[in-house]
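Those protein sequences? They're chains E and G, same order as listed.
Here the first sequence stands for residues 1 to 193, where the numbers follow the UniProt record's numbering.
Here the second sequence stands for residues 1 to 193, where the numbers follow the UniProt record's numbering.
A virtual CB, placed ideally from N, CA and C, is assigned to each residue, including glycine.
On a predicted model such as this, the values are computed, not experimentally measured, just so you know.
Working notes, structure below.
Protein chains: 2
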Amino acid sequence: MARRGAALELAVLGLLADSPMHGYELRKQVNGLLGWTRLLSYGTLYPCLKQLTRAGFIAADTETTPRGKRPRIVYRLTAEGKEYFTSLLEDGGPSAWDDENFGVRFALFARTSSPTRVRILEGRRSRLEERLENVRTAAATRRERMDAYTRELQRHGLESVEREINWLTELIDRERADAFSEHEDTSTTDKEK
Amino acid sequence: MARRGAALELAVLGLLADSPMHGYELRKQVNGLLGWTRLLSYGTLYPCLKQLTRAGFIAADTETTPRGKRPRIVYRLTAEGKEYFTSLLEDGGPSAWDDENFGVRFALFARTSSPTRVRILEGRRSRLEERLENVRTAAATRRERMDAYTRELQRHGLESVEREINWLTELIDRERADAFSEHEDTSTTDKEK
DNA sequence: TACTCGATGTATCGTACCGATATAGCCGTT
DNA sequence: AACGGCTATATCGGTACGATACATCGAGTA
């Protein structure tokens, strides 16, 4: 459980919720969005699409093409898929704090309720703080035996995580501040597309 | 080729070059050093140790234990392993700029020659710059269609990569400056922080 | 016109990876 | 004397994904 593919699944669902698309375009979108970490390959994408189709969450429409040329396959979200997607979105549990999942979850924040947004942000932060603590204590027992380069690597890594934590804290504060001015109105944050 | 396991292989070799160790300790060391990114599991470590043993690069000495208790297995570098290790260290080629490999390569910089250090640093930087460029152009064509959260994610990701690039540039400059004052003396660079 | 090159597009296969899990002795605490 | 946590070795099944194959298209260029 909590497979790596869960993140991709959610990303595909989210992209298709905006508009139907074929595989190649899907890959471009995902890479454009989360591409600074790791690139999505077809070996990952197509099996995922197949599985989602089998589950009935998306449907594949084969384009009618003029000639003997290979038709493109356009995927769209089904009613069940839409339902499944929204249920996934509201799950702000531990799996959403993971490295692989957090990025996708964040990218879909516009479709996520404010309480869930805060839950995910805080969970992610606690996850990183925990990691920071582990590395810090591990380093403390071994600091003297480390050479200058190893120490520099350590320092830089720790700084990156701290910076990430600060970013999250800022976002949480902002989220809480917004909650005041939000009465019953959801459309202000959505920007309705 | 350029398997993910290559990084682990190098890490194990590097750790064992310092002193013999058994598997559990090896795992702790690796996690303490690179643990802020991803944790090493036994399912990865033990097959790696087995393979390195088979290849003759490390040797497994079973500890003599007093009773019927399970003996610990201490691994040490063989002569062939040492040779293999140093040859790997001097390869500053493209595989060393990868996300998975760079951390380990950097941690072993104290054992790496200065030209190779610069080569790796510069290669890594070019790799990140390339990635930055790709995401930037991808984002430019789609900026208007993105909601506030997606844009914030994009911004933060880009900033992280830029920061990483600046760090590398600093290190490269420092490396070049050191090269002047380095006559025949290697021990001067070790202390300086 | 024909050629090359890069982008578009769908698809599969083999293998290396790694999370989960089993086993078990040891030690400190309640 | 029971519990939980740390040390320690080890394997297995599922899955992710890099490499690769195939095919069409438009733009440049010779």
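C-beta atoms of residue i and residue j nearer than 7 Å
{"i": "F57/G", "j": "Y84/G", "result": "yes"}
{"i": "G81/G", "j": "R119/G", "result": "no"}
{"i": "residue 194/G", "j": "R125/G", "result": "Only positions 1 to 193 of chain G appear in the structure, and residue 194/G is not among them; the question remains open."}
{"i": "V30/E", "j": "L16/E", "result": "no"}
{"i": "G123/G", "j": "L34/G", "result": "no"}
{"i": "A138/E", "j": "G32/G", "result": "yes"}
{"i": "E152/G", "j": "L128/G", "result": "no"}
Distance between residue j and residue i (C-alpha atoms, nearest Å)
{"i": "A110/E", "j": "L8/E", "result": "18 Å"}
{"i": "R136/G", "j": "E162/G", "result": "12 Å"}
{"i": "L26/G", "j": "V12/G", "result": "7 Å"}
{"i": "W97/E", "j": "E130/E", "result": "12 Å"}
{"i": "R142/E", "j": "L158/E", "result": "15 Å"}
{"i": "K28/G", "j": "D147/G", "result": "42 Å"}
{"i": "K50/E", "j": "P20/E", "result": "15 Å"}
{"i": "T78/G", "j": "T86/G", "result": "12 Å"}
{"i": "R3/E", "j": "R3/G", "result": "21 Å"}
{"i": "L132/E", "j": "P71/E", "result": "50 Å"}
{"i": "S160/G", "j": "Y42/G", "result": "31 Å"}
{"i": "D173/G", "j": "N166/G", "result": "11 Å"}
{"i": "T37/E", "j": "Y149/G", "result": "18 Å"}
{"i": "A179/E", "j": "R155/G", "result": "23 Å"}
{"i": "N134/E", "j": "L88/G", "result": "30 Å"}
{"i": "A177/E", "j": "R145/G", "result": "26 Å"}
{"i": "A55/G", "j": "D99/G", "result": "26 Å"}
Cβ shell of residue i (< 7 Å), same chain only, five flanking positions each side left out
{"i": "R117/G", "result": "F109 and E175"}
{"i": "T44/G", "result": "L8"}
{"i": "R105/E", "result": "A96 and I120"}
{"i": "D190/E", "result": "Caution applies to D190/E, whose pLDDT of 47 falls short of 50 and renders its modelled position unreliable; the value that the coordinates give is listed next. Counting only Cβ-Cβ distances below 7 Å, and skipping sequence neighbours, we find A110."}
Spatial neighbours of residue i in its chain, beta-carbon cut-off 8 Å, leaving aside the 5 residues before and after
{"i": "E90/E", "result": "T112, S113 and T116"}
{"i": "C48/G", "result": "G5, L8, E9 and V12"}
{"i": "I73/E", "result": "H22, G23, A60, D61, T62 and E63"}
{"i": "N101/E", "result": "A6, A7, L10 and S95"}
{"i": "Y46/G", "result": "G23"}
{"i": "H53/G", "result": "With the sequence shown as reference, residue 53/G is identified as Thr, and His is not the correct amino acid for it. Excluding positions up to five away in sequence, the list reads A59, A60 and Y75."}
Same chain, Cβ closer than 6 Å to residue i, neighbours up to 5 away in sequence not counted
{"i": "G14/G", "result": "L108"}
{"i": "D18/E", "result": "none"}
In chain order, what residues of the region 23 to 34 of chain E put their CB closer than 9 Å to some CB of chain G?
K28, Q29, N31, G32, L33 and L34
What residues in the region 83 to 105 of chain E bring their beta carbon closer than 9 Å to a beta carbon of chain G?
D99 and G103
Please list, in chain order, the residues of the region 134 to 148 of chain E that have any C-beta partner in chain G closer than 7 Å.
N134, V135, A138, A139, R142, D147 and A148
Quick one: which residues of the region 104 to 122 of chain G get their C-beta closer than 7 Å to a C-beta of chain E? List them in chain order.
F106, A107, F109 and A110
When you check each C-beta in the region 35 to 66 of chain E against every C-beta of chain G, which residues fall closer than 7 Å?
G35 and W36
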